[in-house]
Amino acid sequence: MAEITAALVKELREQTQLPMMKCKKALVEAGGDMEAAKKQLREEGAKFIDGRGDRTTEEGRIAIFTSDKAGAIIELQVESAPVAGNDEVVQLAKDLAEQLATGPGAATPDDLWEQPCPSKSGQTLKEVRDEIVNKIREVFRLPRICRIDGPCGGYVHHDGKTGVLLSAEGGDDTLAKNIGMQVVAMKPAAATKEELDPAIVKAEEDIQKERARSEGKPENIIEKMIVGRMKSFYAEKVLEEQPYIHDDKKTVGQVAKEGGMKIKSFTLWKVGETTADA
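Quick note on numbering: the sequence shown equals residues 696 to 973 in the working numbering.
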């Protein structure tokens, strides 16, 4: 068995950021083997997660990764706001999104955890997570992951709690980011009028017809009135029809067309809730 020197304990402490006594104990149990001790500490983190499965995770981060080949969005939940802003947690969220977009894909969050971590050569995402958990002592959850094949752009709000993955052809990253900001700010229900739920459209048309009748409008002009009144509805619910937040004299659709972009769909997530997928 290798001698458990103070230098060896210090090295493990620097690599794991765990207490000295915990590092020494792991080295003793691993017979002085550094890698075995690190593995043992990661496993302790995994057991900690298993033992606290009933804890609520109301904080967290949304992360995206975009390219001209594929894009991904993930939701990583933790227990507290300070942990959600921790540099290692922020990097882990980015790694999850990047691996989902650039790797083979993942059918479930568990599948993704078992894949390599882009920023930590030789480690899986799960191993990196367990190391962080062992230091921070909070439960991490990955409730939602989504990958879109094809060109993507997007935007994550500065607090990391809301983000949008935009599937679009053409344009550039700046335009995609600005339209992503539009989605986060205005929360449309669909990207285009054609994608809006027909049941929602019909319900609104019926409301407007009844309103027109209550105003005493004759039936022969109600249909024409409805066309005009529905424009306001579409301007609220449909991304392409909304006034552009950076220039409200234009619609998002007009701005996209001028920038050579065709908007296909978007996925808008907020930590703890699904706000829109269109």
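Ideal placement from N, C-alpha and C gives every residue a C-beta, glycine not left out.
- Within the DSSP bridge table, the entry for residue 961 names 861 as partners.
- Fully contained in the region 793-838 are the following alpha helix (DSSP H) runs of length 4 or more, in chain order: 804-808 and 820-831.
- If you ignore the 5 residues before and after residue 820, its C-beta comes within less than 8 angstroms of the C-beta of 787, 790, 791, 794, 807, 808, 809, 810, 811 and 812, all in its own chain and listed in chain order.
- Residue 829 and residue 879 have their C-alpha atoms spaced approximately 34 angstroms apart.
- Sorting 846, 855, 720 and 922 by C-alpha distance to the C-alpha of residue 864 places 846 at the top.
- DSSP places residue 777 in the helix class (H, G or I) of the three-state scheme.
- For the pair of segments examined, the region 755-766 was found to touch the region 848-856: the number of CB pairs separated by less than 8 angstroms reaches three.
- The alpha-carbon separation between residue 709 and residue 836 amounts to approximately 26 angstroms.
- For the region 865-934, the continuous alpha helix (DSSP H) assignments of 4+ residues that do not extend past its boundaries occur at 868-881, 893-909 and 914-932, in sequence order.
- With a beta-carbon spacing of about 5 angstroms, residue 765 and residue 796 fall inside the 8 angstroms limit used to define contacts.
- 742 is the residue among 876, 742 and 861 whose C-alpha sits nearest the C-alpha of residue 825.
- Contact annotation: residue 958 and residue 931 have beta-carbon atoms that are not nearer than 8 angstroms.
- In the three-state scheme derived from DSSP, where H, G and I count as helix and E and B as strand, residue 698 is classed as coil.
- Between the alpha carbons of residue 916 and residue 874 lies a distance of about 37 angstroms.
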